[in-house]
Structure formats: structure tokens, C-alpha cells
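In the working numbering, the protein residues as written are 1494 to 1720.
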Ligand SMILES: *Cc1c(COP(=O)(O)O)cnc(C)c1O
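Dropping the structure here:
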């Protein structure tokens, strides 16, 4: 199926989820996660009106960026785990990083970036062993420490929900992230406005929207199943 058709379906589902939650659909930013697909398919997504692109590997991101260098006004999101030594390869090419969960990454950003970087602190809400991200009780102390790095702007929190289809578990996870976000927002830290919530993927984005997501990261159901 063409990306434009898939996008139309996603847009409709976003509008429905916003209606249920009494939210404005313009507050939802859709990141097309292109890690599974070709440069051509990514180009097709941009032609369909996608503005935000996400990749989880440095090589993948730089490759897509090179292929799309003629395109104006794209916003690039790094959504994967980043090794400290690779920060320098990508930090001046991206607009957002979604996986900040270690001070060593903040140190590298401070050293290598030419401008302040929009960062999401990644939280492992469900505290699953296999996942990256801070456990909920580590988030506030970590964000306080980030004050020492002026190039790190904590614009929000990111999570990946547990691998389950159980709606109540997913909803609980997203709700918990929102509550942590609210607590940080109330602290009024100038380096951490922390307004945004990056949560929701192909299988759970509607629940994430109902629970307050402002950035959803969609791969498979938006650009996947290339023919
Ligand atoms: C791959 C990936 C996504 C998109 O996953 P889909 O299920 O294909 O929508 C979102 N976020 C992160 C961090 C990813 O690695």
C-alpha cells in the first residue's frame, strides 16, 4: 500500500483518538520511523506530507538524510540507543534525541554540539530488564543533574511500552509517564521545560494519544510493508 493511503488512515485514527480525549489533533506530531524501509519509501512519506523522520541508528539516519538533502524543513529525530562515542557523528545533524538516559551522553552533547539540543529523557516505566531508559524513581535526580549541561534542553520524556496487547497495561504505562512529566513540569526548571511526551507506536498510538502523547513514533503502519 502507498504511504499516502496509510497516512490517511493514521490521520483518521489520530483524529478519532483526539476526539475521545478532547484534544486538538494539531498537538500530535507524527514521526515516521523509517528504520525498516528504503530511501525511496522515505521520500514517498515526505511527499505524503510527513515532516518528522525518525531513525534508531546513526548510519541509517545519515544515509536517509543524504538521500533527502533536497527536502526543506524536515525535522530529524534520533530514537535509538546512542553510544557516547557516536554522539559526535550525529548530534549536529538532528533536531531531537529521544533516548537520553546517561550522563555520559549529556557530557558528549555538551562537548560536541554546536547548539542546544532538544532532548527527551527515556524512561523504562515498566522497569523491564531488556529495555533502556531510567526507572521512574531515577528520573528526577537525573534531570536535576542535567542542569550542568547548557546544551541539553529537556523538552520531554520518552518511553517504549511493554510488548503486550493488553490495553490496561499499555494505558497504565503511558499514564505513569504523563504523571512523571507533570511532576517535573511543576518543578519549573529552566533547563527542563519538559512539556512533551514521546510515546505510542504502531500498535498503541491511540492509547498513547488518549493519555497525552505529543509525539508518536510510527514505523510499520505508516511506512512499512514495502512491496
Ligand atoms: C522501531 C521503533 C518505533 C516504531 O515501531 P513500529 O511498531 O514499527 O511503529 C518507535 N520507536 C522506537 C524507539 C523504535 O525503535
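Beta carbons: idealized from backbone N, C-alpha and C, even for Gly.
Could you give the C-beta distance for residue i and residue j, rounded to a whole number, given that I count them as a contact under 8 Å?
{"i": "residue 1556", "j": "residue 1569", "result": "With a Cβ gap of about 12 Å, residue 1556 and residue 1569 do not count as contacting."}
{"i": "residue 1551", "j": "residue 1583", "result": "5 Å"}
{"i": "residue 1572", "j": "residue 1714", "result": "The pair is not a contact, with the Cβ atoms about 16 Å apart (cut-off 8 Å)."}
{"i": "residue 1636", "j": "residue 1677", "result": "6 Å"}
Beta carbon of residue i: closer than 7 Å to some heavy atom of ligand 1?
{"i": "residue 1721", "result": "For residue 1721 there is no data in the structure shown, the boundaries of the chain being 1494 and 1720."}
{"i": "residue 1626", "result": "no"}
{"i": "residue 1714", "result": "yes"}
{"i": "residue 1572", "result": "yes"}
{"i": "residue 1696", "result": "yes"}
{"i": "residue 1710", "result": "yes"}
{"i": "residue 1653", "result": "yes"}
{"i": "residue 1532", "result": "no"}
{"i": "residue 1443", "result": "This structure leaves residue 1443 out entirely; the chain is present only between 1494 and 1720."}
Can you check which of these residues, the options, is closest to residue i by C-alpha distance?
{"i": "residue 1505", "options": "1704, 1699 and 1667", "result": "1699"}
{"i": "residue 1708", "options": "1717, 1697 and 1689", "result": "1689"}
{"i": "residue 1581", "options": "1523, 1548, 1602 and 1533", "result": "1602"}
Taking C-beta to C-beta, are residue i and residue j nearer than 8 Å?
{"i": "residue 1510", "j": "residue 1703", "result": "yes"}
{"i": "residue 1693", "j": "residue 1706", "result": "yes"}
{"i": "residue 1616", "j": "residue 1634", "result": "no"}
{"i": "residue 1684", "j": "residue 1627", "result": "no"}
{"i": "residue 1574", "j": "residue 1548", "result": "no"}
{"i": "residue 1499", "j": "residue 1542", "result": "no"}
{"i": "residue 1554", "j": "residue 1561", "result": "no"}
{"i": "residue 1674", "j": "residue 1691", "result": "no"}
{"i": "residue 1618", "j": "residue 1670", "result": "yes"}
Practice prompt. Starting from the N-terminal side, write out each stretch of the beta strand (DSSP E) that is 3 residues or longer and does not extend beyond the segment 1608 to 1639.
Written response: 1610 to 1615
Discussion item. Give the list of continuous beta strand (DSSP E) stretches no shorter than 3 residues that lie fully inside the segment 1507 to 1559.
Written reply: 1522 to 1526 and 1545 to 1548
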